[in-house]
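Reviewing the structure listed below.
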Amino acid sequence: MSESSLSASPASAPDRNMVQQIIHALRQAPVTALTGLVIVGIYVVAAVFAPWIAPYGEYEVVSDIPFAPWSEANLLGTDQLGRDFLTRIIYGARNSIGIAFVTTLLAFAIGGFFGIMAAALRGWVDQVFSRLVDAVMSIPDLIFTLLLLAIFGSSVLNLILIIAVLDSTRIFRISRASAMNVVTLDYVEASTARGEGLYWRIVHEILPNILPILISEFGMRFCFVFLVIAALSFLGVGLQPPMAEWGSMVRDNAVLINSGDITPLIPASAIALLTVGVNFVADWLLSKSSGLSNEE
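Each step along the sequence shown adds one to the number in full-length UniProt numbering, with nothing skipped, and position 57 is 57.
Encoded structure:
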C-alpha cells in the first residue's frame with residue numbers, strides 16, 4: 001500500500017463516522033421529521049434548479065389572455081399579466097426561500113454575536129445591549145418594519161437588512177440566555193484563570209455548547225422571517241414586481257376566488273406547507289439537542 005493512501009485513510013475516517021452518524025440519526029428520526037425533511041428537500045431542489053425546472057422564464061408573458069384557465073401549455077393557467085403561473089410558483093420558491101434564508105443568517109450573525117458578547121463581558125456592556133434590545137422589542141415588529149421600509153424604500157437589500165436587524169433582537173435574547181448558563185460553569189472560569197482571551201473562550205468554550213440551541217432555533221426564526229416577507233409582499237411593500245413572490249401572488253390573483261378558481265390558494269398552500277415542514281425538522285433538532293428524544 002502506498003504512503004499516500006496510508007496518509008489519506010486517517011483523514012477520511014472522521015468523514016465516514018459523520019456520514020454513519022447522519023444515517024443512524026435519520027433511521028431513528030420520527031415520521032414527522034422525515035416528512036419535514038422530504039418537504040424541505042423538495043422546496044430546496046425547486047429553488048436551486050428553478051431555471052431548469054420551470055417551463056418558461058420568470059418574467060415571460062406567454063398568453064394574451066390574463067387569468068387563462070389551466071391547460072396543457074399552462075398547467076396552472078396564467079396570472080393577471082399572462083405569465084405562466086406554475087413558472088411563477090417555482091421561481092417564487094427561489095426568491096422567497098433564498099431571501100428568507102439570507103435574512104435569517106444575518107439575523108443570527110448579528111444577534112448571536114452581541115448576545116454572546118453581552119454574556120461574556122457582562123457588566124455595563126450587558127446592560128447597554130440588553131436595554132437597547134428591550135427598547136427595540138417594545139415596538140411591534142410589523143409596524144416598525146413598515147415604517148422603516150417607508151423611509152428607506154422597499155428594495156431587496158433594505159428588506160433583508162431591516163428584517164434581519166429587528167429579528168436579531170430575538171436571537172440576542174436567546175443567545176445571551178444560553179451563554180449566561182455556560183459562562184458561569186467551572187471549565188469556562190478555569191479557562192479565564194489560565195489566562196485565555198475572550199475570543200478563545202467564545203470560540204472554544206461558549207459557542208460549541210450553545211450551538212445546538214441556536215441551530216434548532218434557526219428553523220423557527222426562518223419560518224417567522226419567511227412569513228413576514230410573505231405578509232409584507234401581500235401588503236405591497238415586500239418584494240416588488242416583477243419578482244415572483246408567493247405573498248404577492250396571493251394578492252394579485254385573489255380575484256379568482258370569486259369565480260371558484262383555487263389558483264390563488266396554491267401559493268398560500270406552498271407557504272403553509274413549507275412552514276409545517278421546517279417546524280417538523282426544527283422540533284426534531286430541538287428534541288435531539290435537549291436530550292428529550294426517545295432515541296436509544
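All residues carry an ideal CB built from backbone N, CA and C; glycine is no exception.
As the structure is a computational prediction, the values presented were derived from the model and not from experiment.
Next item on the list: Measuring alpha carbon to alpha carbon, tell me which of Gly-260, Ser-259 and Ile-266 ends up nearest Met-249.
Entry: Ile-266
Next item on the list: Could you tell me if Gly-112 is buried or exposed, where buried requires 16 or more neighbouring beta carbons within 10 angstroms of its beta carbon?
Entry: buried
Notebook entry, point to check: Does the Cβ-Cβ distance between Glu-58 and Pro-242 come in under 9 Å?
Noted result: yes
Note to self: Applying the 10 Å Cβ sphere with the 16-neighbour rule, what's the burial state of Trp-200?
What the structure shows: exposed
Notebook entry, point to check: Roughly how many angstroms lie between the CA atoms of Glu-296 and Thr-192, to the nearest whole one?
Noted result: Any reading at Glu-296 needs caution, since the residue's pLDDT is 40, under 50, leaving its predicted position unreliable; the model's value is listed next. Going from the Cα of Glu-296 to the Cα of Thr-192 covers about 36 Å.
Check: The alpha helix (DSSP H) with Gln-127 in it runs from where to where?
Finding: 123-137
Next item on the list: Along the alpha helix (DSSP H) that carries Trp-52, what are the first and last residues, could you check?
Entry: 50-53
Check: Per DSSP, what kind of secondary structure is Arg-194 in: helix, strand or coil?
Finding: coil
Checklist line | Check whether Ala-107 and Val-225 have beta carbons under 9 Å apart | finding: yes
Check: Straight-line CA distance for Leu-146 to Glu-189?
Finding: 44 Å
Item checked: Helix, strand or coil at Phe-280 according to DSSP, with G and I counted as helix -> helix
Next item on the list: Measure the Cβ-Cβ separation of residue 320 and Ala-268 and say whether it is below 9 Å.
Entry: A query on residue 320 cannot be resolved here, the shown segment of the chain reaching from 1 to 296 and no further.
Next item on the list: Assign Ala-119 to one of two classes, buried (16 or more other C-beta atoms within 10 Å of its C-beta) or exposed (fewer than that).
Entry: buried
Notebook entry, point to check: Rounded to a whole number of angstroms, what is the C-alpha to C-alpha distance between Thr-275 and Gly-195?
Noted result: 46 Å
Notebook entry, point to check: What separation, rounded to the nearest whole angstrom, lies between the Cα atoms of Asn-17 and Tyr-43?
Noted result: 28 Å
Margin query: Mapping the DSSP letters down to three states, classify Thr-184 as helix, strand or coil.
Written below: coil
Checklist line | Per DSSP, cross-strand counterpart(s) of Trp-61 | finding: Note that residue 61 is Val in the sequence shown, not Trp. Arg-83, per the DSSP bridge assignment.
Notebook entry, point to check: Which residue's Cα is closest to the Cα of Thr-184: Gly-98, Ile-160 and Asn-209?
Noted result: Asn-209
Next item on the list: Would you give the residue range spanned by the alpha helix (DSSP H) that Phe-226 belongs to?
Entry: 207-235
Notebook entry, point to check: If we ignore side chains and look at the alpha-carbon of each, how far apart do Met-180 and Val-228 end up?
Noted result: 30 Å
Next item on the list: Assess, as a yes-or-no matter, whether the stretch 47-55 is touched by the stretch 89-98 under the definition of 3 or more beta carbon pairs within less than 8 Å.
Entry: yes
Notebook entry, point to check: Are the stretch 78-86 and the stretch 58-68 in contact at 8 Å, needing three or more beta carbon pairs?
Noted result: yes
Note to self: Is the separation between the beta-carbon of Leu-159 and that of Gly-238 shorter than 9 Å?
What the structure shows: yes
Checklist line | Limits of the alpha helix (DSSP H) - the one that Val-250 falls within | finding: 246-252
Notebook entry, point to check: CA-CA distance, Gly-197 and Asp-167?
Noted result: 30 Å
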